[in-house]
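Q: The structure's right below; bear with me while I get my questions together.
As structure tokens, then:
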């Protein structure tokens, strides 16, 4: 399969510390690839290496199937758009003039400016100087610049950073629509798991510079098996009964956590425990969240 | 497009106006014999004024051109569309064009003074070339240095301070014509490449100008420094580890 982006053993070392270590990404065409990881995990460095803004210490990068070298980098990147970290802009120029610079550099028709302004809903603000824009508007302008030339591949580094809730939702909707409406492949980084759930089709999880998961979001969700949470007044009795029947369970505070089972089995077990005097007060099916999966994968609590 | 509303033309124009006022005031105060030798007076006066003002103006020019990229973090976007080396060259070329306009304005200034005051002694054509080689080459060398500083420092006070420092060093170089130290600093070459000198008779209070052979070794040394500065500056810009 020809991947849009493929990296092999990509690494970046600052001093004697690795920021990214043996990172192997595979981004298939037409997907929204959520690049997930806590702050400082190496997301931005990886994306910058892909774009040639940071020189890798080791590893290979292939974009559209071609290995990126100093010689062919610009030629390959012609079909990409990017928004890395904070938005790039000329504050003394208005929004339209900013896009005219990018349009000239990319060599695309001027009419495309109106199109991208419409996509990011900045038509009404195009004559305003960018230094007077809010952060959200600057992010949208950055996205408009990235969309110029209808690139096949978009790299967006934390595009919802600093946006208000409405802006975040708008940006997420916009990103998830791009493959469908324009046939683009999008690589989007975030430190928010919930965001990935709303936008991404594929996910790559990076932690401390290492890739710890890569695959479809669907498969990741499959790992999120639900469990049965039972709250009892008489925990000792309940535990003894479960032990006698060789049931797997885990005690979490006043609750007992049991593996997922059918509704019929749940009803039978609840009736049995209640009959034996466990005094059940609460029963619920608990879905494992992406946070739980992340915790299971990294084995540590992180600020996500 | 990018230089729009950066008021760079205004900056260069203000310096040209300041120099025009300075030279007109100096010439207006001059004796008849100095007016007679007006072209040589102009070359000498402008060489001195350029030494003082051009390092500062060039620092401001480079800063205005580069800080738009630094402030708006645009380099990381531009470097995905254009080769880094080309970006460095285009920025330098823009600054060089402004300096060319500045030089053209100084020639026009001299022509206007010649017509209005009536310089008696004819112009020696080769002096126009020497004036260009002295002032333009030196200013381009300074521009390269300032561009590198402006690209590498987010706080533009540092490159501007370097420009002011250059103005002082340049000024001192006129007072120590024999000192070889001024060959080591780029700002010293305005004085080192001067091709007009004068004698001052205290009793008669007459100033007499005379030609000095063009300092070709000095010019070649400056040219070598300029090329080395360009290569080193571009290398630093292209190979910087992170943008």
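Protein chains in written order, with the working numbering: chain A, 1 to 304; chain B, 305 to 547.
Beta carbons are placed, not taken as given, at the ideal position from N, Cα and C, and that holds for glycine.
Starting from residue 305/B, find everything on chain A with Cβ-Cβ shorter than 8 Å and list it in chain order.
A: In the second chain, the residue the question calls residue 305/B occupies position 1. Within 8 Å Cβ-Cβ: 93, 97, 100, 101 and 104.
Q: Here's the rule: buried if 16 or more other CB atoms are within 10 angstroms of the residue's CB, otherwise exposed. What is residue 491/B?
A: Against the second chain, residue 491/B aligns to sequence position 187. With 16 or more other Cβ atoms within 10 Å, it is buried.
Q: Fully enclosed by the stretch 89-143 of chain A, which alpha helix (DSSP H) runs are 4 residues long or longer?
A: Complete alpha helix (DSSP H) runs here, min 4: 95-106 and 111-119.
Q: If you follow the beta strand (DSSP E) that residue 216/A is part of, which residue opens it and which one closes it?
A: Position 216 of the first chain, counting from 1, holds the residue named residue 216/A. Per DSSP, residue 216/A belongs to the beta strand (DSSP E) from 210-216.
Q: Does the contact criterion of 3 or more C-beta pairs under 8 Å hold for the stretch 371-386 of chain B versus the stretch 80-88 of chain A?
A: Flag = yes, the stretch 371-386 of chain B and the stretch 80-88 of chain A touch.
Q: Based on Cα-Cα distance, which residue from 385/B, 331/B and 460/B lies nearest to residue 370/B?
A: Within the second chain, numbered from 1, the residue matching residue 370/B stands at position 66. When each option's Cα is compared against that of residue 370/B, the closest is 460/B.
Q: What runs of the alpha helix (DSSP H), each 4 residues or longer, lie entirely inside the stretch 154-240 of chain A?
A: List check, alpha helix (DSSP H) in window: 165-182, 193-199 and 217-222.
Q: If I'm right that residue 540/B touches residue 445/B with Cβ under 8 Å, what's the distance once you round it to whole angstroms?
A: By 1-based counting over the second chain, the position of residue 540/B is 236. By 1-based counting over the second chain, the position of residue 445/B is 141. About 16 Å separates the two Cβ atoms, so there is no contact after all.
Q: On the three-pair Cβ rule with 8 Å, is the stretch 46-59 of chain A touching the stretch 6-15 of chain A?
A: With the cut-off at 8 Å, the stretch 46-59 of chain A and the stretch 6-15 of chain A touch.
Q: Excluding the 5 residues preceding and the 5 following residue 98/A in the sequence, name in chain order all residues of the same chain whose CB lies nearer than 8 Å to its CB.
A: Translated into the one-based positions of the first chain, residue 98/A becomes position 98. 89, 90, 130, 141 and 145.
Q: At 3 residues or longer, and completely inside the stretch 37-93 of chain A: list those beta strand (DSSP E) runs for me, N to C.
A: Entirely contained in the stretch 37-93 of chain A, the beta strand (DSSP E) runs reaching 3 residues are, in chain order, 58-63 and 80-83.
Q: Use the C-beta contact count for residue 14/A: other C-beta atoms within 10 angstroms, 16 or more gives buried, fewer gives exposed.
A: For this step, residue 14/A is matched to residue 14 along the first chain. It is exposed - the Cβ of residue 14/A has fewer than 16 other Cβ atoms within 10 Å.
Q: Using three-state DSSP, classify residue 431/B as helix, strand or coil.
A: The sequence position of residue 431/B within the second chain is 127, counting from 1. Looking at residue 431/B - three-state DSSP - the assignment turns out to be helix.
Q: Give the straight-line distance between the Cα atoms of residue 304/A and residue 321/B, rounded to the nearest whole angstrom.
A: The residue labelled residue 304/A in the question sits at position 304 within the first chain. The residue labelled residue 321/B in the question sits at position 17 within the second chain. The predicted model places residue 304/A with a pLDDT of 43, which falls under 50 and marks its position as unreliable, so this point remains unresolved.
Q: Mark residue 430/B as exposed unless 16 or more other C-beta atoms lie within 10 angstroms of its C-beta, in which case mark it buried.
A: On the second chain, position 126 is the one that residue 430/B refers to. Residue 430/B is exposed by the Cβ-count criterion.
Q: If you drop the 5 nearest sequence neighbours on each side, which residues of the same chain put their C-beta closer than 6 Å to that of residue 282/A?
A: Numbered from 1 along the first chain, position 282 holds the residue referred to as residue 282/A. Here the set comprises 231.
Q: Start and end of the beta strand (DSSP E) containing residue 279/A?
A: Translated into positions along the first chain, residue 279/A becomes position 279. No beta strand (DSSP E) holds residue 279/A; DSSP gives it neither H nor E.
Q: Cβ closer than 7 Å: which chain B residues qualify as neighbours of residue 90/A?
A: Taking the first chain and counting its residues from 1, the one referred to as residue 90/A is at position 90. Those within 7 Å of residue 90/A in chain B are 306, 372, 376 and 378.
Q: Give every residue of the same chain whose Cβ lies closer than 8 Å to the Cβ of residue 125/A, excluding the five residues on either side of it in the sequence, and list them in chain order.
A: Here residue 125/A corresponds to residue number 125 of the first chain, with the count starting at 1. Answer for residue 125/A: 95, 133 and 137, listed in chain order.
Q: Looking at the structure shown, is residue 23/A part of a helix, part of a strand, or coil, going by DSSP?
A: Working through the first chain from its first residue, we reach residue 23/A at position 23. Residue 23/A falls in the strand class under three-state DSSP.
Q: What's the C-alpha gap between residue 422/B and residue 538/B?
A: Taking the second chain and counting its residues from 1, one reaches residue 422/B at position 118. Taking the second chain and counting its residues from 1, one reaches residue 538/B at position 234. When rounded, the distance between both Cα atoms is 46 Å.
Q: At a Cβ threshold of 7 Å, is residue 74/A touching chain B?
A: Along the first chain, one-based indexing puts residue 74/A at 74. Output row for residue 74/A: interface = yes.
Q: What is the residue span of the alpha helix (DSSP H) that residue 375/B lies within?
A: The residue given as residue 375/B occupies position 71 in the second chain. Element bounds for residue 375/B: 342-375.
Q: Alpha carbon to alpha carbon, what distance is there between residue 315/B and residue 351/B?
A: Position 47 of the second chain holds residue 351/B. Position 11 of the second chain holds residue 315/B. Rounded to the nearest angstrom, the two C-alpha atoms are 20 Å apart.
Q: Tell me where the alpha helix (DSSP H) around residue 410/B begins and ends.
A: Position 106 of the second chain holds residue 410/B. Taken as a continuous stretch (DSSP letters only), the alpha helix (DSSP H) holding residue 410/B covers 388-421.
Q: Could you tell me the alpha carbon to alpha carbon distance between residue 310/B and residue 401/B, rounded to whole angstroms?
A: On the second chain, residue 310/B is found 6 positions in, with the first residue counted as 1. On the second chain, residue 401/B is found 97 positions in, with the first residue counted as 1. Near 15 Å, if we compare the C-alpha coordinates of residue 401/B and residue 310/B.
Q: Which same chain residues end up closer than 8 Å to residue 112/A when comparing Cβ atoms and leaving out the 5 residues on each side of it in sequence?
A: Along the first chain, one-based indexing puts residue 112/A at 112. These residues qualify, in order along the chain: 103, 148, 149 and 150.
Q: So, at 6 Å on beta carbons, what are the nonlocal neighbours of residue 157/A in its own chain, with the 5 sequence-adjacent residues on each side left out?
A: Indexing the first chain from 1 puts residue 157/A at position 157. Cβ within range, chain order: 44, 47, 84, 85 and 189.
Q: DSSP three-state label for residue 510/B, please.
A: Within the second chain, residue 510/B is the residue found at index 206, counting from 1. Note: residue 510/B maps to strand in three-state DSSP.
Q: So the beta strand (DSSP E) residue 502/B belongs to, where does it begin and stop?
A: Start at 1 with the first residue of the second chain, and residue 502/B comes out as number 198. Element bounds for residue 502/B: 500-505.
Q: State the DSSP-derived secondary structure class of residue 252/A, mapped to helix, strand or coil.
A: Stepping through the first chain from its first residue, residue 252/A is reached at position 252. Strand.
Q: If you run the structure through DSSP and keep just helix, strand and coil, what is residue 307/B?
A: Walking along the second chain from the start, residue 307/B turns up at place 3. Looking at residue 307/B - three-state DSSP - the assignment turns out to be coil, as it is neither helix nor strand.
Q: Just checking, does the stretch 336-350 of chain B make contact with the stretch 504-519 of chain B on the three C-beta pairs under 8 Å criterion?
A: Output reads yes: the stretch 504-519 of chain B touches the stretch 336-350 of chain B.
Q: Three or more C-beta pairs under 8 Å: does that hold for the stretch 236-246 of chain A against the stretch 260-278 of chain A?
A: They touch, by the three-pair rule.
Q: For residue 36/A and residue 205/A, which I take to be in contact (beta-carbon distance under 8 Å), what is that distance rounded to the nearest angstrom?
A: For the purposes of this step, residue 36/A is taken as the residue at position 36 of the first chain. For the purposes of this step, residue 205/A is taken as the residue at position 205 of the first chain. Contact holds; Cβ gap of about 5 Å.
Q: What's the C-alpha gap between residue 462/B and residue 453/B?
A: Within the second chain, the letter at position 158 stands for residue 462/B. Within the second chain, the letter at position 149 stands for residue 453/B. About 8 Å.
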